[in-house]
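Presented below is the structure to which this report refers.
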Amino acid sequence: MKRIAGRDHPQVLVDAQGNPVNVDKRSLTTIIDAQSGELDHPVKSNLIQGKDKQSNQDESLLEKVSSIINPSSSTSNTPPTLTSVNGYRLGDVSHCLNIGGYPVVSDGILFENQQTFNRSKIVERAVHACGSAAFGYFEVTNDLSNLCKADFLSKVGKITPVMVRFSTTTYGREYPDSARNPRGIAMKFYTDEGNYDILSVNFPVFFVRDPTQGPDLIRSQQRNPNNFRVNLDATFDFMSLVPESMLANTWFWSDHGTPVGWRNMDAYPCHTFKWINSQNQSVYIRYKFSCLTGIKNFSNADAIRMCGEDPDYAKRDLWQHIDNGGTCEFKCQIQMMDENEAKKIPDFDPFDTTKIWPEDRYPLVQFGRLVLDRNPENYHRDVEQVAFSPGSLVPGIEPSPDPLLQFRCFLYRDAQLYRLGVNFHQIPVNCPFMTRQYHPIARDGAARCDANGGVESNLYPNSFSQPPHARPDLTCNEKPQALQGYLARKSHSRHENELPVDNEYIQARQFYLHGLNADERTHLHQNIGKGFRSVTRSEIKLRFLVACYKVHPDYARGILQFYDQITFNQVEQAAQKVHDKHTVDRAKGYEPYDLN
Ligand code: HEM
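And the structure:
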């Protein structure tokens, strides 16, 4: 619960989800108005008209709409009576209405109970289904407003409420938290200019660069559609066939694939973004959020043990830590690159999600701290139904010409329209409660329950009902950008057009040699060697070893110390056949070369 200043109204007490829980009387109107999108408009819903007529009943109204009994309210002396969802008081709630043991169809209570239960699970996320979250705040520590006009970055000390959801990626909602998988860290900043979402993983790079490969990548780390078993054949097959994935693959198979819970890992949005200042000048940036605890990873053996002993380890650890008064804090940093320089980098494509920006050449600059200090009140309401999208941007922040990011700006909303329905922005955790919303053009749909635009016109432009102050703000237009190129179904990454084959592997080599110490490299070898035992087809393993050899011969040699079904000689001979090319012919639709 925080006392925060809304833009156009006096200080109000709300919690970071914008929920009317434990609020004082003065704030109730503001919250319901903000939720309903009715600020300053004469048209009020029946609910609010009712409230206005009986303003001394604000507290009981609050209890009625939230179905929560507020212990400090005047009605708390009267214990509540159980009711149906329609408000009918219930009698015996342990027995159905029956005739000689046969339930009767007129038993509305029996049906309501079962039907609610039958519909209690919503569609789970297609990825990142297993997770938990916490609320907190973001604070500006370094004024970078000369680079970015986003209001939440405007001055040192400015506080913005946040919500962060942590997750594993590819297995389902009930999968153990500690299994090998990239971790997701999705952040929602409730800014005065609307909700800004940053979606990150705990690796600095992603596996693919083209949006067409997104679902295939995910399927390669999901279950076998035939027998529903974890499918390392598919995982290694895909990894061995997509050369640009080698840096992410190395992170995946290292102990970074099994971090200790949610609190001990860094978060990388991976993509390049554009920051734009008030003079319309822009700079390319990459974010990094470093955890203050320092990175801690499980070994493969410890992760496996934890999956059995405490499958909810990460969820429990975060919850208990915060419940005991602890906080979880990240240092928020950016790397910067001048727009002209971005065109001339000699060794990597700065818009390619499979490549990092080396920190020695593009140093990190801190701009804030992100602190999580409060647990959600209700998992389904606040965590299961939260919706993040890389396309939720605020003025001053835009996507770069990275095709994967551009497409992700669309795909998340599509996923959520399916998962949560068209009015998911009304769910409190998704409501941009720090700003004044006014969107009479977006209307209707299932479960619409705010003012739904009232009597305002539902189209723009119009000259009849539009209030004088409702105008677009043209300063929010995206920065114009000159584009050139041709329309073609081919990659625009410089790694597939002009840079040498080896540049696809240089950064993976740097990470293998310098990003991991000797013990960590041994663990990497061991983790892959162990993984190989679940792969049935030897040509997949050989192809993957050849890709590792291209990163560094010691990489392949090290794996074979933990897997003796293939010799290093075999790998070297196969690698010779493709010494000047990848393991696949990308021009022929990623067709694998014959390595035997
Ligand atoms: C290859 C392309 C990708 C595809 C097809 C994809 C797809 C998806 C989908 C369908 C969801 C579920 C959305 C929902 O139902 O709310 C999701 C969630 C998520 N994605 Fe991606 N994704 C991709 C790449 C990435 C990348 C590059 C990152 C980060 C660098 C990322 C981070 C996340 C996170 C953190 C979540 C969880 C959000 C939450 O906690 O609700 N994804 N992704």
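Taking this note's numbering, the leading residue of the sequence shown gets 1187, the next gets one more, and so forth. Every residue, glycine too, gets a C-beta built ideally from N, C-alpha and C. None of these values were measured; they are calculated from a predicted model.
1. Out of Val1580, Gln1521, Ala1320, point me to the one whose CA is closest to Gln1552's CA.
2. Let me check you understand the geometry: is the CB of Val1608 closer than 8 Å to at least one non-hydrogen atom of the ligand HEM?
3. For Pro1228 and Glu1642, what's the separation of their Cα atoms in angstroms?
4. In three-state DSSP terms, what is Asp1771?
5. Who are Val1557's beta bridge partners in DSSP?
6. Taking the alpha-carbon positions, what's the Asp1329 to Ile1462 distance?
7. One question on the structure: do Asn1413 and Ala1420 come within less than 9 Å of each other, judged by their Cβ atoms?
8. By the 10 Å Cβ neighbour count, where 16 or more other Cβ atoms means buried, how is Thr1458 classified, buried or exposed?
9. Just verifying my parser: in three-state terms, what is the DSSP assignment at Gly1273?
10. So which of Ile1745, Val1387, Glu1758 has the shortest CA-CA distance to Lys1474?
11. Which residues in the same chain have their Cβ closer than 8 Å to the Cβ of Val1279, if we skip the five residues on either side of it in sequence?
12. Closer than 6 Å by C-beta to Ala1220: which residues in its own chain qualify, once you throw out the five before and the five after it? Chain order, please.
13. In three-state DSSP terms, what is Tyr1382?
14. Quick one: grab the DSSP three-state call for Trp1448.
15. Checking 9 Å against the spacing of the C-beta atoms, do Leu1731 and Ile1752 come in under that value?
16. Which residue marks the beginning of the alpha helix (DSSP H) containing Arg1729, and which one marks its end?
17. What is the DSSP secondary structure of Gly1294, counted as helix, strand or coil?
18. For Asp1378, count neighbouring Cβ atoms within 10 angstroms of its own Cβ and tell me buried if that reaches 16, exposed if not.
19. Give me the Cα-Cα distance between Gly1223 and Arg1366, rounded to the nearest whole angstrom.
20. Give the secondary structure of Gln1667 by DSSP, where H, G and I count as helix, E and B as strand, and everything else as coil.
21. If you compare alpha carbons, which of His1611, Thr1621, Val1615, Arg1622 is closest to Ala1628?
22. Rounded C-beta distance between Cys1456 and Val1391? I'm assuming under 8 Å.
23. Taking 8 Å as the cut-off, is the beta-carbon of Ser1476 closer than that to any non-hydrogen atom of the ligand HEM?
24. Pick helix, strand or coil for Arg1634, following the three-state DSSP scheme.
25. Of all the options Arg1622, Gly1639, Asp1496, which has the alpha carbon lying nearest to the alpha carbon of Asp1630?
26. Pull up the distance between the alpha-carbon of Ser1431 and that of Phe1393, whole angstroms please.
27. Taking 9 Å as the threshold (C-beta atoms), are Ala1372 and Val1783 in contact?
28. What span of residues does the beta strand (DSSP E) with Lys1460 cover, start to end?
29. Rounded C-beta distance between Val1348 and Gly1322? I'm assuming under 8 Å.
30. So, at 7 Å on beta carbons, what are the nonlocal neighbours of Ala1633 in its own chain, with the 5 sequence-adjacent residues on each side left out?
31. Is there at least one non-hydrogen atom of the ligand HEM closer than 8 Å to the beta-carbon of Arg1359?
32. Confirm, please, whether the CB-CB distance from Tyr1499 to Leu1447 is below 9 Å.
33. Using DSSP's beta-bridge definition, name the partner residues of Ile1285.
34. I'd like the list of long-range same chain contacts for Gly1715, defined as Cβ closer than 8 Å, with 5 residues on each side in sequence excluded.
35. Excluding the five sequence neighbours on either side, which residues of its own chain have a C-beta within less than 6 Å of the C-beta of Leu1478, listed in chain order?
36. Taking 8 Å as the cut-off, is the CB of Phe1338 close to at least one heavy atom of the ligand HEM?
So, to answer that:
1. Out of Val1580, Gln1521, Ala1320, the CA that lies nearest to the CA of Gln1552 is found in Gln1521.
2. Every heavy atom of the ligand HEM is 8 Å or more from the Cβ of Val1608, so no.
3. Only weak support exists for where Pro1228 lies, its pLDDT of 37 falling under 50; the value from the coordinates is given anyway. Here the C-alpha atom of Pro1228 lies approximately 10 Å from the C-alpha atom of Glu1642.
4. Residue state, collapsed to three classes: strand.
5. According to DSSP, which records beta bridges pairwise, Val1557 is partnered with Tyr1323, Glu1515.
6. Distance between the alpha carbons of Asp1329 and Ile1462 is about 14 Å.
7. Not closer than 9 Å, so no.
8. Thr1458 sits buried, since 16 or more C-beta atoms from the chains shown fall within 10 Å of its C-beta.
9. Correct three-state label for Gly1273: coil.
10. With distances taken between Cα atoms, Lys1474 lies closest to Val1387.
11. The beta carbon of Val1279 is closer than 8 Å to those of Leu1268, Ile1295 in its chain, skipping five residues each way along the sequence.
12. Bear in mind that a pLDDT of 49 at Ala1220, under 50, signals an unreliable position, so the model cannot answer this.
13. Reduced to three states, the DSSP call for Tyr1382 is strand.
14. Secondary structure at Trp1448: coil, using DSSP grouped into helix, strand and coil.
15. Contact: yes.
16. Note, Arg1729: alpha helix (DSSP H), 1724-1737.
17. For Gly1294, the three-state secondary structure derived from DSSP is helix.
18. Here Asp1378 is buried, its C-beta having at least 16 other C-beta atoms within 10 Å.
19. Below a pLDDT of 50, predicted positions are generally treated as unreliable, and Gly1223, at 48, falls in that range; no measurement from the model is reported.
20. Looking at Gln1667 - three-state DSSP - the assignment turns out to be coil, as it is neither helix nor strand.
21. Per the C-alpha coordinates, the member of His1611, Thr1621, Val1615, Arg1622 positioned closest to Ala1628 is His1611.
22. Yes, Cys1456 and Val1391 are in contact; Cβ-Cβ is about 6 Å, under 8 Å.
23. With a threshold of 8 Å, the Cβ atom of Ser1476 does not count as near the ligand HEM, since no heavy atom of the ligand is closer than that.
24. It is coil, neither helix nor strand.
25. Checked all of Arg1622, Gly1639, Asp1496; the closest Cα to Asp1630 is Gly1639.
26. Going by the C-alpha atoms only, they are around 4 Å apart.
27. Examination of residue 1783 is not possible in this model, given that the chain is present from 1187 through 1782 alone.
28. 1459-1462 is the span of the beta strand (DSSP E), which, as asked, contains Lys1460.
29. Contact holds; Cβ gap of about 5 Å.
30. Closer than 7 Å at Cβ, skipping near neighbours: Gly1607, Asn1609.
31. Distances taken from the Cβ of Arg1359 to the heavy atoms of the ligand HEM include none shorter than 8 Å.
32. Strictly speaking, residue 1447 in this sequence is Gly, with Leu absent from that position. A contact, by the Cβ cut-off of 9 Å.
33. Beta-bridge pairing links Ile1285 to Tyr1288.
34. Excluding positions up to five away in sequence, the list reads Ile1745, Leu1746, Gln1747, Phe1748, Tyr1749.
35. So the list reads Glu1515, once near-sequence residues are dropped.
36. It does not: the Cβ of Phe1338 is nowhere closer than 8 Å to a heavy atom of the ligand HEM.
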